[in-house]
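What follows is a set of notes on a single structure, which appears directly below.
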Amino acid sequence: MTEPLTLIFTLQNWLSLFVHYLTLSLLSIGGAITTAPDMHRFLVDQQHWLTDEQFNASIAIAQAAPGPNVLFVALLGWNVGLNAGGMLTGLLGVFLSLMGILIPSTVLTYAAAQWGHRNRNLRAVRAFKQGMAPIVVALLMATGWILASANGSSLKDWPVWLVTAATALIVWRTRTHLLWLLGAGALLGWYGLI
Amino acid sequence: MNSLPVPDHPHPESLRDLFFSFTWLALQGFGGVLAVVQRELVEKKRWMTREEFIEDWAVAQIMPGPNVVNLSLMIGGRYFGLKGAMAALAGMLTVPLILVLLLALVYAQFSDQPGVAGALRGMGAVAAGLIAATGLRLSGALLSNVLGIRLCMAFGALCFVAIAWLRWPLFYVLSGLGSVACVLAYKKLKP
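Quick mapping for you: the protein sequence lines, in order, are chains A and B. Its first residue numbered 489, the first sequence is counted upward by one per residue in the numbering used here. Its first residue numbered 2, the second sequence is counted upward by one per residue in the numbering used here.
Structure, rendered in structure tokens:
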């Protein structure tokens, strides 16, 4: 465990948190989770607003809970807020990060869905869909890689990688309920096996 | 979206119906909501046909923003315009947000127990696999991509290396690789 962080947040810091999410929103093609690597780069590596543990816990809790995975963004904001004070700043963090990640993409999607639906046979629309497809797919795999390497960065962490790889294979090839897998991962971790 | 023709099949009765339907969907979706959306809206409620679902899902994926959030926006918007989009979106997020914050509070209470940290580490490893698997499942769709499988693999590999290993900022990778891929796709598509 690394030391817990205590931050002093200025108005400018809050603003830059909000603005960072606003820009990520427009980049979150393929889902908000594809911007997770960039959030890690910004929040953990660059600004030191979150610890690695907090970052990973936010994603794991949001995955374990019901609902859209984008709520991990709310938890990241919550943890930044907690580091910067307490519950109130935590809620401010939730509000800013969730609004930031949702407003631009929501406005754009709402407008574009209508346009795209009307022009779905247009060559440019089809080219965009086809061209982005392999990149979106690879982005998801890269996100899996980054999350796994945050859990285990060295060779002695091979069981973590094994669990990640096994999960990927099982989900890819079977229709096992995801909850069983999360439960199995929790048990393995609880008993210190990974 | 008001002006789009509404196909002749069952549809949400009111904004309230939309809100609670999407809340119910979201609460069933552990580790991702997509599978539940398809089962509930296409097979049970029949608000949309399978074809409409695939079409909407493609757009929801290509547009920035969380996919299921985009999908709920589009479905809500189709029937009740902007109000419908907001009702569906609120339904998808409100109750799950409260739940996830409660869960984070519970976690904070017990986080000094070694078992809890380990459990979360284990779930984190599984979560990483879930996301990678989504990519693997979708990769089947690339077989029919106009770029051809070789180019798809090349773009995919470049993207993976740039993001996962080199840790380049997403913006440069998406705009750089993406624009090349889109131009190539444009050239290959018949006008």
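We put the beta carbon where it would ideally sit given N, CA and C, even for glycine. Here the structure is a predicted model, which is why all the values come from computation and not from measurement.
- Query: Would a check of beta-carbon distances place PHE172/B closer than 9 Å to chain A?
  - Reply: Against the second sequence, residue 172/B aligns to sequence position 171. Under the 9 Å criterion on CB atoms, PHE172/B is classed as interfacial with respect to chain A.
- Message: Under 9 Å, Cβ to Cβ, is there at least one residue of chain B near ASN605/A?
- Response: As a first step, residue 605/A is located in the first sequence; it is residue number 117 there, counting from the start. The displayed chain sequence assigns His, not Asn, to residue 605/A. So yes, HIS605/A belongs to the interface.
- Query: Grouping DSSP H, G and I as helix and E and B as strand, with all else coil, what is VAL65/B?
  - Reply: The residue labelled residue 65/B in the question sits at position 64 within the second sequence. Looking at the sequence provided, one finds Pro at residue 65/B rather than Val. Here PRO65/B sits in strand by DSSP.
- Just checking my contact of ALA562/A with VAL582/A at CB under 8 Å: how many whole Å lie between their CB atoms? The residue you call residue 562/A lines up with position 74 of the first sequence. The residue you call residue 582/A lines up with position 94 of the first sequence. Sure, about 5 Å apart at Cβ, within 8 Å.
- Kindly indicate which residue of LEU570/A, GLN542/A, ARG606/A and ALA653/A has the alpha-carbon position closest to the one of SER112/B. As a working note, residue 112/B is residue 111 in the second sequence. If we check each option's Cα against that of SER112/B, GLN542/A comes out closest.
- Task: Please state if the CB of VAL60/B and the CB of HIS528/A are separated by a distance shorter than 9 Å.
- Result: By 1-based counting over the first sequence, the position of residue 528/A is 40. By 1-based counting over the second sequence, the position of residue 60/B is 59. Contact flag unset, no.
- 4 or more residues per run - each alpha helix (DSSP H) lying fully within the stretch 48-129 of chain B: Fully enclosed alpha helix (DSSP H) runs of 4 or longer: 51-63 and 68-111.
- Report yes if the CB atom of VAL107/B is closer than 9 Å to the CB atom of SER73/B, and no otherwise. What you label residue 107/B is simply residue 106 of the second sequence in a count that begins at 1. What you label residue 73/B is simply residue 72 of the second sequence in a count that begins at 1. Not in contact: VAL107/B and SER73/B (Cβ atoms no closer than 9 Å).
- Task: Just the C-alpha distance for ALA182/B and GLY619/A, rounded to the nearest angstrom, thanks.
- Result: Here residue 182/B is taken as the residue at index 181 of the second sequence, counted from 1. Here residue 619/A is taken as the residue at index 131 of the first sequence, counted from 1. The straight-line gap from Cα to Cα measures roughly 5 Å.
- Message: For LEU185/B, which residues in the same chain have their Cβ closer than 8 Å to its Cβ, ignoring the five residues on either side in sequence?
- Response: Here the question's residue 185/B lines up with position 184 in the second sequence. The answer, listed in chain order, is LEU148 and LEU152.
- Query: What are the residues that DSSP puts in a beta bridge with PRO492/A?
  - Reply: For the purposes of this step, residue 492/A is taken as the residue at position 4 of the first sequence. Paired residue(s): none; PRO492/A is not in a bridge.
- Message: Quick check: the stretch 530-548 of chain A against the stretch 562-572 of chain A, are at least 3 beta-carbon pairs closer than 8 Å?
- Response: Remark: three or more beta-carbon pairs, one from each stretch, lie closer than 8 Å, so the stretch 562-572 of chain A and the stretch 530-548 of chain A are flagged as touching.
- Item | Rounded separation between LEU681/A and GLU14/B - CA only | On the first sequence, position 193 is the one that residue 681/A refers to. On the second sequence, position 13 is the one that residue 14/B refers to. Cα-Cα distance, rounded: 51 Å.
- Can you say whether ASP526/A is buried or exposed, counting buried as having 16 or more other CB atoms within 10 angstroms of its CB? Here the question's residue 526/A lines up with position 38 in the first sequence. Buried, because 16 or more other Cβ atoms sit within 10 Å of the Cβ of ASP526/A.
- What residues in its chain sit with their C-beta under 7 Å from that of ASN3/B, if we drop five residues either side in the sequence? What you label residue 3/B is simply residue 2 of the second sequence in a count that begins at 1. With a pLDDT of 43 at ASN3/B, under the threshold of 50, the modelled position of this residue cannot be trusted; read the value that follows with caution. Around ASN3/B: GLY82.
- Using the beta-carbon count (16 or more within 10 Å), is LEU531/A buried or exposed? As a working note, residue 531/A is residue 43 in the first sequence. Buried is the call here.
- Let me know the secondary structure DSSP gives ILE547/A once reduced to three states. On the first sequence, position 59 is the one that residue 547/A refers to. In this structure, ILE547/A counts as helix in the three-state DSSP scheme.
- Message: Please classify ILE150/B as buried or exposed, where buried requires at least 16 neighbouring CB atoms within 10 angstroms.
- Response: Locating residue 150/B in the second sequence gives position 149, where the first residue counts as 1. Around the beta carbon of ILE150/B, a 10 Å sphere encloses fewer than 16 other beta carbons of the protein chains shown; the residue is thus reported as exposed.
- Message: So, with DSSP's three-state summary, where would you put THR498/A?
- Response: As a first step, residue 498/A is located in the first sequence; it is residue number 10 there, counting from the start. DSSP places THR498/A in the coil class of the three-state scheme, outside both helix and strand.
- Message: If you reduce the DSSP assignment to three classes, tell me which class PRO11/B lands in.
- Response: On the second sequence, position 10 is the one that residue 11/B refers to. Three-state DSSP puts PRO11/B in coil, outside helix and strand.
- Message: I'd like to know whether the C-beta of ALA572/A is nearer than 9 Å to at least one C-beta of chain B.
- Response: As a working note, residue 572/A is residue 84 in the first sequence. Taking Cβ atoms only, chain B never reaches closer than 9 Å to ALA572/A, which makes this a no.
- Message: With a threshold of 9 Å between beta-carbons, can GLY519/A be considered close to chain B, or not?
- Response: Here residue 519/A corresponds to residue number 31 of the first sequence, with the count starting at 1. Look at GLY519/A: its C-beta is under 9 Å from a C-beta on chain B.
- Leaving out five residues on either side along the sequence, give the residues of the same chain with a beta carbon under 7 Å from the beta carbon of ASN146/B. In the second sequence, residue 146/B corresponds to position 145, counting from 1. For ASN146/B, where only same-chain residues beyond five positions count, the Cβ hits under 7 Å are CYS153.
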